[in-house]
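Enquirer:
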Amino acid sequence: MTRLFFDCDTGIDDSLALLYLLARTDIDLVGIASTGGNVPVDVVATNNLSWLEVCGRTDIPVHIGAAQPLVAQMRTTEETHGPLGVGYAELPLPTTPASHVDAADAWIDATRKHPGALIGLVTGPLTSLATAIRRDPALPTRLARLVIMGGAFRAHGNTTPTTEWNIAVDPEAAAEVFGAFGRDGAAPPIVCPLDLTEQIALTPDHLVRLAAAAGSTPLECPDPADEPGLRSVADNVVIRHVVDALRFYLEFHQAHDEGYIAHLHDPFAALVALAPDIVTTIPARVDVELVGTLTRGMTVADERAMTGEPNARIATATDVDAVFDELLERIADLARTTATSASGQA
Ligand code: RIB
Ligand code: CA
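Numbering (my numbering), first residue to last: 27 to 372.
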C-alpha cells in the first residue's frame, strides 16, 4: 500500500490535489497538514475538513500548522483563491474537528510510523515541514520520496518577478528544507516549479469533460462572458463545488491577462508524487535567496555543481494531455462514487 502525507495551503488548486488524492483509493492518505499561505491556517484546515466531509472521508486526520512563517510576516492571497480560499464554492461547515497533533508533529509521527515507506507532498509554503525537521533533523532520511510544488527557475514569478508563492511566503522555511535534503541518505525532492506547472492550464472544456465523465448534469461550460460569480447548478455535489471553485480561478487568471484558464499547479504535483515517471527531471542544487532586495524568495538552481552536490530533482517536462486524462478521470470517478454513496445514504 502506497502511503502519502499531504501538506497544503488549501486553496483552489490544493482542493483539486486533495480530490485527486481521495480519488486514488489505491493509496493510504495518512494525514493532511494545513499550512498558512493562500488563506490563514485555520481557514486552510476548515477547507480540508470540509472537502473530507463532502467526500465522506472524515477518517483522515487534518493537522494545523503554525499561524506564521518562520521569519517573514504572514501574507495571504484571497484575491487569488477567494475570501475563504475555495473560490465561489460554499462548502459545508465541517462537523469533525482537526487533530490535536500539530502539523509538524504529524509529519514526524507519520515518518516514524512508516520509515522509508512514506511519500511526502507539499503544495503550500514549507513552514510546517521545516518546523518538523527542526524538531527531528533525521526526518528527511525516513521519507521514501518528497515532492514540492514551488519555485520558478526559467519562468517569471507569480508573486514578484523572481518568486513563486509557496517559496515567497516563507523563504527561510524553503531554504531550510532544501538544505536538509541531498545528504545523509535523504532522497532529493522532486520540485515542480512554475516553469512546468503553468503548462497544466485547465480550460472550461476540461470542466465539461469532468462533469460528463462524472455523469453530472447539466454540463456547464464557464464562459468569460458569464456574470462573475455565477453559481453551478450541477446535480453532482463534487462537480458543483469544483465548478464554483474553478470559476473564481478562471476569472482571476483572465483578470491578470493569462487568459480564461486555471493553472493546476497542485494536482499536477500530486500526480507526480504518485507517478514520478511522468516527469523528466534534472539534478540541481537548489537554494533560496534570503536577503536580496529584489530577489528575496527566489529559488536558485545550480545545475553544474558549482556550489555543492545536487539536493533536488527539478521537473522540466511532462505529457500535459496524459496529465489531464489522469486528473479528470480520477476526479470524475470520485465525484460519481461520492454521489452514489450519498444517494445510498438518502
Ligand atoms: O504558486 C502556486 C502555488 O501557490 C500553488 O500551490 C497555489 O495553491 C499557491 O499555494
Ligand atoms: Ca497551494
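Heads up, the beta-carbon is just placed ideally off N, CA and C, and yes, glycines get one too. Bear in mind that the values here come from a model prediction, so they are computed numbers and not experimental data.
1. Can you check the region 111-140 for any alpha helix (DSSP H) of at least 4 residues that lies completely inside it and give the ranges in chain order?
2. Please tell me whether V67 has its Cβ less than 9 Å away from any Cβ of chain C.
3. For a test of the three-state rule: what should DSSP assign to P309, helix, strand or coil?
4. Does the beta-carbon of V259 have 16 or more other beta-carbons within 10 angstroms, so that it is buried, or is it exposed?
5. Out of T36, L30, R29, F32, which one is the CA nearest neighbour of A271?
6. Counting only runs that start and end within the region 30-109, where is the beta strand (DSSP E) found for 3 or more residues in a row?
7. What do you get for A251, buried or exposed, if any count of 16 or more other CB atoms within 10 angstroms of its CB means buried?
8. Go through its chain and collect everything with a Cβ distance to R311's Cβ below 6 Å, but skip five positions before and after it.
9. How about G150 and D40: do their beta carbons lie closer than 9 Å?
10. Check each candidate in T363, P219, E277 and name the one with the smallest Cα separation from I340.
11. Should L172 go down as buried or exposed, given a rule of 16 or more other Cβ atoms within 10 Å for buried?
12. Would you mind working out which of R101, A358, T189, Q94 sits nearest G318, comparing C-alpha positions?
13. Given the structure, does D85 come close to ligand 2, in the sense that its CB is under 8 Å from one of the ligand's heavy atoms?
14. Report the start-end ranges of each alpha helix (DSSP H) in the region 142-190 that is 4 residues or longer and not cut off at the edges.
15. On the DSSP bridge assignment, give the partners of V217 in chain order.
16. Tell me whether L354 sits in a helix, a strand or coil according to DSSP, three-state version.
17. Looking only at its own chain, which residues have a Cβ that is under 7 Å from the Cβ of D85, when we skip the five neighbours before and after it?
18. Around the Cβ of S60, are there at least 16 other Cβ atoms within 10 angstroms (buried) or fewer (exposed)?
19. Using DSSP bridges, identify the partner residues of A227.
20. Determine contact between the region 347-360 and the region 222-239, defined as no fewer than three beta-carbon pairs at a distance below 8 Å.
21. Are L42 and L222 close, meaning C-beta to C-beta below 9 Å?
22. Under 8 Å from any heavy atom of ligand 2, does the C-beta of D39 make it?
23. When DSSP labels each residue in this structure, what does V326 get in the three-state scheme?
24. I need the straight-line Cα distance from H279 to R29, nearest angstrom please.
25. Could you tell me if F31 is buried or exposed, where buried requires 16 or more neighbouring beta carbons within 10 angstroms of its beta carbon?
26. Check each candidate in N262, A170, N73 and name the one with the smallest Cα separation from P244.
27. Can you tell me where the alpha helix (DSSP H) holding I265 begins and where it ends?
28. Which word fits Q371, buried or exposed, when buried means at least 16 other C-beta atoms lie within 10 angstroms of its C-beta?
29. Can you name, in chain order, every residue of its own chain whose Cβ lies under 7 Å from the Cβ of A239, other than the five neighbours on each side?
30. If you draw a straight line from the alpha carbon of V127 to that of A158, how long is it in whole angstroms?
Expert: Reading it off the structure:
1. 129-139
2. Any reference to chain C falls outside this structure, which holds one protein chain only.
3. strand
4. Counting Cβ neighbours within 10 Å, V259 comes out exposed, since fewer than 16 surround it.
5. T36
6. Taking only runs of at least 3 residues, the beta strand (DSSP E) segments lying wholly in the region 30-109 are 53-60, 88-90.
7. exposed
8. D328, T333, G334, P336, N337
9. A contact, by the Cβ cut-off of 9 Å.
10. P219
11. buried
12. T189
13. no
14. 153-161
15. I174, I340
16. helix
17. The answer is none, since no qualifying residue turns up.
18. buried
19. H289
20. yes
21. no
22. yes
23. strand
24. Distance between the alpha carbons of H279 and R29: 34 Å.
25. Buried is the call here.
26. With distances taken between Cα atoms, P244 lies closest to N262.
27. 263-281
28. Reliability fails at Q371, whose pLDDT of 48 lies under 50, so the model's placement of it is uncertain and the value that follows must be treated cautiously. Classification for Q371: exposed.
29. If we look at A239 and ignore the five residues flanking it on each side, its Cβ neighbours are L354, E355, A358.
30. 12 Å
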